[in-house]
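Participant: Residue 338 in this note's numbering sits at position 332 of the sequence shown; the count goes up by one each step and never skips.
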Amino acid sequence: MNILVIGSGGREHAIVCSLAASPLSDTIYVAPGNGGSAPGALNVSPAELDIKDHAAVVAFALAHKVELVVVGPEAPLVDGLADSARAAGLDCFGPGAAGAQLEGSKEFSKELMERHNIPTASFGSFTEAGSAHAYIDEQGAPIVVKADGLAAGKGVTVAATIEEAHAAVDECFDGRFGAAGATVVIEEFMTGPECSLLVFTDGTTVLPMAPAQDHKRALEGDEGPNTGGMGVYSPVPIVTNEEHATMLAYMEQTVAALRAEGIDYRGVLYGGFMLTPNGPKVLEFNARFGDPETQVILPRLTTDLVEVTRAVAQGRLSEIELVWDSAWAVSVVLASAGYPGDYETGKPITGIEAAEKLAGVTVYHAGTKLLEDNEACEDTECAAAVVTSGGRVLNVTALGATFEGALEQAYKAVELIDFEGKQYRRDIGARALKGRSAWE
Numbered sequence: 007m008n009i010l011v012i013g014s015g016g017r018e019h020a021i022v023c024s025l026a027a028s029p030l031s032d033t034i035y036v037a038p039g040n041g042g043s044a045p046g047a048l049n050v051s052p053a054e055l056d057i058k059d060h061a062a063v064v065a066f067a068l069a070h071k072v073e074l075v076v077v078g079p080e081a082p083l084v085d086g087l088a089d090s091a092r093a094a095g096l097d098c099f100g101p102g103a104a105g106a107q108l109e110g111s112k113e114f115s116k117e118l119m120e121r122h123n124i125p126t127a128s129f130g131s132f133t134e135a136g137s138a139h140a141y142i143d144e145q146g147a148p149i150v151v152k153a154d155g156l157a158a159g160k161g162v163t164v165a166a167t168i169e170e171a172h173a174a175v176d177e178c179f180d181g182r183f184g185a186a187g188a189t190v191v192i193e194e195f196m197t198g199p200e201c202s203l204l205v206f207t208d209g210t211t212v213l214p215m216a217p218a219q220d221h222k223r224a225l226e227g228d229e230g231p232n233t234g235g236m237g238v239y240s241p242v243p244i245v246t247n248e249e250h251a252t253m254l255a256y257m258e259q260t261v262a263a264l265r266a267e268g269i270d271y272r273g274v275l276y277g278g279f280m281l282t283p284n285g286p287k288v289l290e291f292n293a294r295f296g297d298p299e300t301q302v303i304l305p306r307l308t309t310d311l312v313e314v315t316r317a318v319a320q321g322r323l324s325e326i327e328l329v330w331d332s333a334w335a336v337s338v339v340l341a342s343a344g345y346p347g348d349y350e351t352g353k354p355i356t357g358i359e360a361a362e363k364l365a366g367v368t369v370y371h372a373g374t375k376l377l378e379d380n381e382a383c384e385d386t387e388c389a390a391a392v393v394t395s396g397g398r399v400l401n402v403t404a405l406g407a408t409f410e411g412a413l414e415q416a417y418k419a420v421e422l423i424d425f426e427g428k429q430y431r432r433d434i435g436a437r438a439l440k441g442r443s444a445w446e
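#1: Applying the criterion that 16 or more other CB atoms from any shown protein chain within 10 Å of the CB defines a buried residue, is R432 buried or exposed?
#2: Determine, using beta carbons only, whether P101 and I12 come nearer to each other than 7 Å.
#3: Where DSSP assigns a beta bridge to D270, which residues make up the other side?
#4: So, at 7 Å on beta carbons, what are the nonlocal neighbours of Y271 in its own chain, with the 5 sequence-adjacent residues on each side left out?
#5: With DSSP run on the structure shown, which of helix, strand or coil describes L96?
#6: Check whether the Cβ of L376 lies closer than 7 Å to any Cβ atom in chain B.
#7: Could you tell me whether the Cβ atoms of E194 and S111 are closer together than 7 Å?
#8: E290 lies in the beta strand (DSSP E); which residues open and close that run?
#9: If you measure between the beta carbons of L405 and A335, is that distance less than 7 Å?
#10: From the DSSP output, which residues share a beta bridge with A404?
#11: Do R20 and Q219 have their CB atoms nearer than 7 Å?
#12: In the DSSP assignment, find the unbroken alpha helix (DSSP H) run with I21 in it and report its ends.
#13: Find out if the Cβ-Cβ distance for the pair N8, H70 is shorter than 7 Å.
#14: According to DSSP, simplified to helix, strand and coil, what is Y35?
#15: Less than 7 Å between the C-beta atoms of V212 and E258, yes or no?
#16: Give the secondary structure of G435 by DSSP, where H, G and I count as helix, E and B as strand, and everything else as coil.
#17: So what does DSSP say about T282, is it helix, strand or coil?
#18: I need the boundaries of the beta strand (DSSP E) containing T189, first residue and last residue.
#19: For A147 versus V175, is the C-beta distance shorter than 7 Å?
#20: Does the stretch 176 to 192 come into contact with the stretch 141 to 160, if we say contact requires no fewer than three beta-carbon pairs (one atom in each stretch) closer than 8 Å?
#21: Indicate whether L204 and V274 have their beta-carbon atoms separated by less than 7 Å.
#22: Three-state secondary structure (DSSP) at K418?
#23: Let me know if K287 comes out buried or exposed under the rule of 16 or more other beta-carbons within 10 Å of its beta-carbon.
#24: Taking C-alpha atoms, which residue in T233, I358, L413, A416 lies nearest to G41?
#25: Can you grab the Cα-Cα spacing for the pair T133 / M196, in whole Å?
#26: Within the continuous beta strand (DSSP E) that includes S131, where are the two ends?
#27: Look at the alpha carbon of G237 and the alpha carbon of N401, and state the distance between them as a whole number of angstroms.
#28: My assumption, with CB atoms under 8 Å, is that T403 sits in contact with S337. Please give the rounded CB distance.
#29: Label S51 either buried or exposed according to how many other C-beta atoms from any shown protein chain fall within 10 Å of its C-beta, with 16 as the threshold for buried.
#30: Any idea which residues DSSP pairs W330 with across the strands?
#31: Along the chain, where does the beta strand (DSSP E) that runs through F206 open and close?
#32: Could you check where the alpha helix (DSSP H) with I358 kicks off and where it finishes?
#33: Alpha carbon to alpha carbon, what distance is there between K353 and E267?
#34: Express the C-alpha separation of S324 and S342 in angstroms, rounding to a whole number.
#35: Where does R442 fall in DSSP's three states?
#36: Taking the alpha-carbon of L439 as reference, which of V420, F425, E414, A419 has the nearest alpha-carbon?
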């Protein structure tokens, strides 16, 4: 079948690679895609298709005989693209706008958990600065301040002091995050390791993926500002069987809560958890595959992803059994200098091919583009080369029989890749290797 994937990041490249491995896939279109999407897919440029124009997306899918639409990023989901696709009779993997509120509004998510007794941090929600500041003074620090809406993973401040919390509130209401900061959610600070558990669901059946653990902070030692993620591994060695069962139970409870409130949720439900001394509690929900979690989860999935996504879209996930490779997976993010702040683009990238010659290594493109022959480049030898086009540039993923082996192979591959300003964390997985006590 022909498939249309929406998105341009490392997550979408990983999705394309898994879909392309299926004998059920024919032509895969990815809009807009990136410098690594081919040869697995055909990029559809913004000039050819504006993914914010739902009517245009539907028309493209129908004209190209697309039988399955897979929506990668959160913004099109919150905007209701999946609803538009289904209204046109297309099978679509991804929740509609009602379900995507779980990610699009932290207030909605927290209130849903409160109504259905799903354990999470205590919270307050505010639409003006005065009451938010008063709540902080009442609660004290440490405390967590979140912009309510979508902020590309950067609208969260874990404030160690009251002063820092007040500054975070002011940032939101001063417009740094646009409409996403018009409402501010302030939460209790929870302690413990974080863990992500993603599930496939058609709104009734829930099938868990392998757990993963991301590294959100920009700098080594979990220092610096929050990012979209600087590295990740799967499975997670510090998670006990009891904790995993509890997290899965909360995910099933959430799907049931959505169904009870009349929300037809089909796609991925991503649960971000804090493994507190009192058991797992939900930090947040996302309405799509994680990025970079997808880059270590999908390489370990041996079940045909086309079969899985189509079963989700058609409401027959109960027919699917997920099978996982026993290998460990580690992914290290290579980012542009300055990320998550300002950064330059257009830097030629070398060494990807050499890195992928290493056993078990795949390099997923995130912020890259493929230069055309007639495009200008500072290096006269880089015509038709891949150059940087974003903050997070590449996800260097390695599979190995052991956690240590996968880590070693990932960093070997990292050293083979180069571009001006390349930055990355050298301690991905280091804490987990020390065991649970590293978080105490």
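For glycine and all other residues, C-beta sits at the position ideal for the given N, C-alpha and C.
Note that this is a predicted model, so its numbers are computed, not measured.
Facilitator: Short version:
#1: As a working note, residue 432 is residue 426 in the sequence shown. Exposed is the call here.
#2: Here residue 101 is taken as the residue at index 95 of the sequence shown, counted from 1. Here residue 12 is taken as the residue at index 6 of the sequence shown, counted from 1. Not a contact, by the Cβ cut-off of 7 Å.
#3: In the sequence shown, counting from the first residue as 1, residue 270 sits at position 264. D270 is not bridged to any residue.
#4: Position 265 of the sequence shown, counted from the start, is the residue given in the question as residue 271. For Y271, where only same-chain residues beyond five positions count, the Cβ hits under 7 Å are P101, G105, T207, G209, V261, L264.
#5: Residue 96 sits at position 90 when you count from the first residue of the sequence shown. Residue state, collapsed to three classes: coil.
#6: As a matter of chain content, chain B is missing from the structure shown, which is built from one protein chain.
#7: Residue 194 sits at position 188 when you count from the first residue of the sequence shown. Residue 111 sits at position 105 when you count from the first residue of the sequence shown. Not closer than 7 Å, so no.
#8: Counting from 1 along the sequence shown, the entry for residue 290 is found at position 284. E290 -> beta strand (DSSP E) spans 285 to 292.
#9: As a first step, residue 405 is located in the sequence shown; it is residue number 399 there, counting from the start. As a first step, residue 335 is located in the sequence shown; it is residue number 329 there, counting from the start. Yes, they are a contact pair.
#10: As a first step, residue 404 is located in the sequence shown; it is residue number 398 there, counting from the start. Bridge partners of A404: V336, V367.
#11: As a working note, residue 20 is residue 14 in the sequence shown. As a working note, residue 219 is residue 213 in the sequence shown. The sequence shown places Ala at residue 20, not Arg. No, the pair does not count as a contact, with Cβ atoms beyond the cut-off.
#12: For the purposes of this step, residue 21 is taken as residue 15 along the sequence shown, with counting starting at 1. Here the alpha helix (DSSP H) through I21 covers 16 to 26.
#13: The residue you call residue 8 lines up with position 2 of the sequence shown. The residue you call residue 70 lines up with position 64 of the sequence shown. Taking 7 Å as the Cβ cut-off, N8 and H70 qualify as a contacting pair.
#14: Along the sequence shown, one-based indexing puts residue 35 at 29. Strand at Y35.
#15: For the purposes of this step, residue 212 is identified with residue 206 of the sequence shown, where counting begins at 1. For the purposes of this step, residue 258 is identified with residue 252 of the sequence shown, where counting begins at 1. Against a cut-off of 7 Å, the Cβ pair of E258 and V212 comes out as a contact.
#16: The count along the sequence shown starts at 1 and reaches residue 435 at position 429. Of the three classes helix, strand and coil, the one that applies to G435 here is coil, per DSSP.
#17: Taking the first residue of the sequence shown as 1, we reach residue 282 at position 276. Correct three-state label for T282: strand.
#18: Here residue 189 refers to the residue found at position 183 of the sequence shown. Note, T189: premise wrong, no beta strand (DSSP E); not H, not E.
#19: As a working note, residue 147 is residue 141 in the sequence shown. As a working note, residue 175 is residue 169 in the sequence shown. The answer is no: Cβ separation not under 7 Å.
#20: yes
#21: Walking along the sequence shown from the start, residue 204 turns up at place 198. Walking along the sequence shown from the start, residue 274 turns up at place 268. Cβ distance < 7 Å, so L204 and V274 count as in contact.
#22: Locating residue 418 in the sequence shown gives position 412, where the first residue counts as 1. Residue state, collapsed to three classes: helix.
#23: Position 281 of the sequence shown, counting from 1, holds the residue named residue 287. Counting Cβ neighbours within 10 Å, K287 comes out buried, since at least 16 surround it.
#24: Here residue 41 is taken as the residue at index 35 of the sequence shown, counted from 1. The option with the nearest alpha carbon to G41 is I358.
#25: Locating residue 133 in the sequence shown gives position 127, where the first residue counts as 1. Locating residue 196 in the sequence shown gives position 190, where the first residue counts as 1. Taking the straight line from one Cα to the other gives about 24 Å.
#26: Your numbering for residue 131 matches position 125 in the sequence shown. It spans 129 to 132 - the beta strand (DSSP E) in which S131 sits, taken as one unbroken run.
#27: The count along the sequence shown starts at 1 and reaches residue 237 at position 231. The count along the sequence shown starts at 1 and reaches residue 401 at position 395. Whole-angstrom Cα-Cα distance: 8 Å.
#28: Start at 1 with the first residue of the sequence shown, and residue 403 comes out as number 397. Start at 1 with the first residue of the sequence shown, and residue 337 comes out as number 331. About 4 Å; that satisfies the 8 Å criterion.
#29: Within the sequence shown, numbered from 1, the residue matching residue 51 stands at position 45. S51 should be labelled exposed.
#30: Position 324 of the sequence shown, counted from the start, is the residue given in the question as residue 330. In the DSSP output, where bridge partners are listed per residue, W330 has L307.
#31: Position 200 of the sequence shown, counted from the start, is the residue given in the question as residue 206. It spans 200 to 207 - the beta strand (DSSP E) in which F206 sits, taken as one unbroken run.
#32: Along the sequence shown, one-based indexing puts residue 358 at 352. Per DSSP, I358 belongs to the alpha helix (DSSP H) from 358 to 362.
#33: By 1-based counting over the sequence shown, the position of residue 267 is 261. By 1-based counting over the sequence shown, the position of residue 353 is 347. In a straight line, the C-alpha of E267 is about 49 Å away from that of K353.
#34: Indexing the sequence shown from 1 puts residue 342 at position 336. Indexing the sequence shown from 1 puts residue 324 at position 318. Taking the straight line from one Cα to the other gives about 42 Å.
#35: The residue labelled residue 442 in the question sits at position 436 within the sequence shown. Three-state DSSP puts R442 in a helix.
#36: The residue given as residue 439 occupies position 433 in the sequence shown. The candidate whose alpha carbon is nearest that of L439 is E414.
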